[in-house]
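Residue numbers (my numbering), protein chains in the order written: chain A, 1 to 162; chain B, 163 to 324. Heads up, the thing below is written out as structure tokens.
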DNA sequence: GCTCAATTGTTATAACATTACATTTCTTAC
DNA sequence: GTAAGAAATGTAATGTTATAACAATTGAGC
């Protein structure tokens, strides 16, 4: 049993089915767009989803090693690049780590609540937030290409546990 | 003459006086708080302000080299750590670079508009934004410690120049 | 099956950051 | 003024993250 399984914020759904769903969605999405979700890419995406927290490129690489794939960094980074470009994965700059996107179909720019204690991250999908940020940039006559919003602190579980 | 000197967004004030003011403010602030703004720390802060765009730790190190200081990375990183801790400098995670804080007295969490073309960054000081983000986190019962907001795109000047 | 483009492999290296421990410099109490 | 302890800096080594450059392979469409 996962000790976090009762954490409403950080564990909104059954993890196994969530991984499964994410992969199904990714496959569908790639098919629709004529993108090649190759073995490597699929496996990287799977490992990212399997991790309950943001995962580093070299962690993925290490997993590849354990699985007998003798890959070098570019293999992983290229897969990550593909996944990011197509909105399947987000990079969290403040952690140098990667997370599966919970709503890849939307091509959005997510925000994250990152817990310093348990290292989990929760994606913020509020569209109102995004619109506010866009209008803020617009006020400055700034043309937004991408946004990085990473809020670091303590999640409910970790705070109450203290 | 600086080609960007007429850019209202990215060049809100005379740069020389802006550096000067920032250093004065920093000195005052450190004195008030009983902090030691040593030679190294002051010079790092100065170099950061002299750069018209976010500057990397190793760029600072290179400058140190040119000035005859034979410093190693820890020297610079320690100064940066001090400056960050005391709100004088922000780290921009998506760039691995540092910028002077325009309002160090407030101990705030800034946001940035980062231009991909000219590489300049403009700090967002809107307090309403900050409050909105805090309330958003609060809705999720998340205790905020720090925030990273980095919006990447094209500034007015670069967009109109295209 | 051939061709071209996309993907992956491979080697090396760049870029960013920290650890650990020695040395120096400051501050404070005497 | 000076000794003791704390703070800051020097130094060497290494850890971590990411990319460049070019070769080899694979896959899709003809």
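Note that beta-carbon positions come from the ideal geometry of N, C-alpha and C, so glycine has one too.
In the structure shown, the three-state DSSP call for residue 158 (chain A) is helix. Residue 129 (chain A) and residue 90 (chain A) have their C-alpha atoms roughly 17 Å apart.
Of all C-beta pairs linking the segment 231 to 240 of chain B to the segment 248 to 262 of chain B, fewer than three are shorter than 8 Å, placing the two stretches out of contact.
Contact of residue 140 (chain A) with chain B is assigned, a C-beta pair being separated by under 8 Å. Scanning chain A for C-beta atoms nearer than 9 Å to the C-beta of residue 292 (chain B) yields nothing, as the closest lies near 11 Å away. At a C-beta separation below 7 Å, residue 243 (chain B) has no neighbours in chain A, since its nearest C-beta there lies roughly 16 Å away.
Nearest to residue 279 (chain B) by C-alpha distance, out of A:94, A:35, A:114, A:145, is A:145. Residues of the segment 296 to 322 of chain B that bring their beta carbon within less than 7 Å of a beta carbon in chain A comprise 298, 299, 302, 303, 304, 305, 306, 307, 308, 309, 310, 311, 312, 313, 314, 315, 316, 317, 318, 321, in sequence order. Looking only at B:223, B:194, B:232, the smallest Cα-Cα distance to residue 207 (chain B) is reached by B:223. Residue 195 (chain B): member of the alpha helix (DSSP H) spanning 177 to 195, first to last residue. Within chain B, the residues placing a beta-carbon under 9 Å from that of residue 124 (chain A) are 298, 299, 302, ordered along the chain.
Put simply, the backbone Cα of residue 244 (chain B) is about 10 Å away from that of residue 200 (chain B). Collapsing the DSSP output to three states places residue 65 (chain A) in a helix.
Residue 138 (chain A) and residue 132 (chain A) have their alpha carbons spaced roughly 10 Å apart.
In this structure, DSSP gives residue 307 (chain B) an extended state, which the three-state scheme calls strand.
Per DSSP, residue 198 (chain B) lies in no beta strand (DSSP E) and is assigned neither H nor E.
The beta-carbon distance between residue 181 (chain B) and residue 211 (chain B), rounded to whole angstroms, is 4 Å. This is short enough to meet the 8 Å contact definition. Residue pairing by DSSP places residue 153 (chain A) opposite A:115, B:306 in a beta bridge. Residue 301 (chain B): member of the alpha helix (DSSP H) spanning 289 to 301, first to last residue. Residue 312 (chain B) sits buried, since 16 or more C-beta atoms from the chains shown fall within 10 Å of its C-beta. Under the Cβ criterion of 8 Å, residue 113 (chain A) is counted among the residues facing chain B. Under the 8 Å criterion on CB atoms, residue 219 (chain B) is classed as non-interfacial with respect to chain A.
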